[in-house]
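Participant: Residue numbers (the numbering used here): 37 to 159.
We treat Cβ as the ideally placed atom computed from N, Cα and C, and that holds for glycine.
I'd like to ask you about the structure that follows.
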């Protein structure tokens, strides 16, 4: 990049700072913060799942894919930015925030992006 000249003085362009490392999004909660030592293994696992993409198959065969937002004592699950798939390969219907009742959940998976090394190991 060439030198810039403003009213007779030369100004050197500043190098760009490195881009900040960002999380997919930050989880905000009003719940009291608990140390990992106080958490049960199940709660620790649920905490790791927060903000991850979940794929839930429900009893009528639909597949819901969205970000895991929260759960309650009855094991109902709330997904945000949820999409509903009726048939494999068809365009999804965007739903937004969805509460899935425990009694309708057939299976639940964390949707992980496939990595080249993971696909090589399965072949």
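For residue 135, which residues does DSSP report across the bridge?
Facilitator: Per DSSP, 114.
Participant: Compare the C-alpha of residue 106 against each of 123, 138 and 129 and name the closest.
Facilitator: Out of 123, 138 and 129, 138 has the C-alpha closest to the C-alpha of residue 106.
Participant: Straight-line CA distance for residue 131 to residue 73?
Facilitator: One C-alpha to the other measures close to 37 Å.
Participant: Thinking C-alpha only, which one of 148, 112, 144 and 143 is nearest residue 134?
Facilitator: Here the closest residue by C-alpha is 112.
Participant: Quick one: what does DSSP say residue 78 is sitting in, helix, strand or coil?
Facilitator: In the structure shown, residue 78 sits in a helix (DSSP, three-state: H, G or I).
Participant: Indicate whether residue 117 and residue 104 have their beta-carbon atoms separated by less than 7 Å.
Facilitator: It is not a contact, given that the beta carbons lie outside the stated cut-off.
Participant: With which residues is residue 120 paired in a DSSP beta bridge?
Facilitator: According to DSSP, residue 120 bridges with 100 and 129.
Participant: Express the C-alpha separation of residue 51 and residue 80 in angstroms, rounding to a whole number.
Facilitator: Distance between the alpha carbons of residue 80 and residue 51 is about 42 Å.
Participant: Comparing C-alpha positions only, which one of 109, 101 and 83 sits nearest to residue 91?
Facilitator: Checking every option, the nearest Cα to that of residue 91 belongs to 101.
Participant: In angstroms with no decimal places, state the Cα-to-Cα distance between residue 85 and residue 49.
Facilitator: Rounded to the nearest angstrom, the two C-alpha atoms are 43 Å apart.
Participant: As a quick exercise: from 145, 147, 140 and 78, pick the residue whose alpha carbon is nearest that of residue 94.
Facilitator: The candidate whose alpha carbon is nearest that of residue 94 is 140.
Participant: In whole angstroms, give me the CA-to-CA distance for residue 143 and residue 76.
Facilitator: In a straight line, the C-alpha of residue 143 is about 23 Å away from that of residue 76.
Participant: Starting from residue 52, follow the beta strand (DSSP E) in both directions and report where the run begins and ends.
Facilitator: Taken as a continuous stretch (DSSP letters only), residue 52 belongs to no beta strand (DSSP E), as it is neither H nor E.
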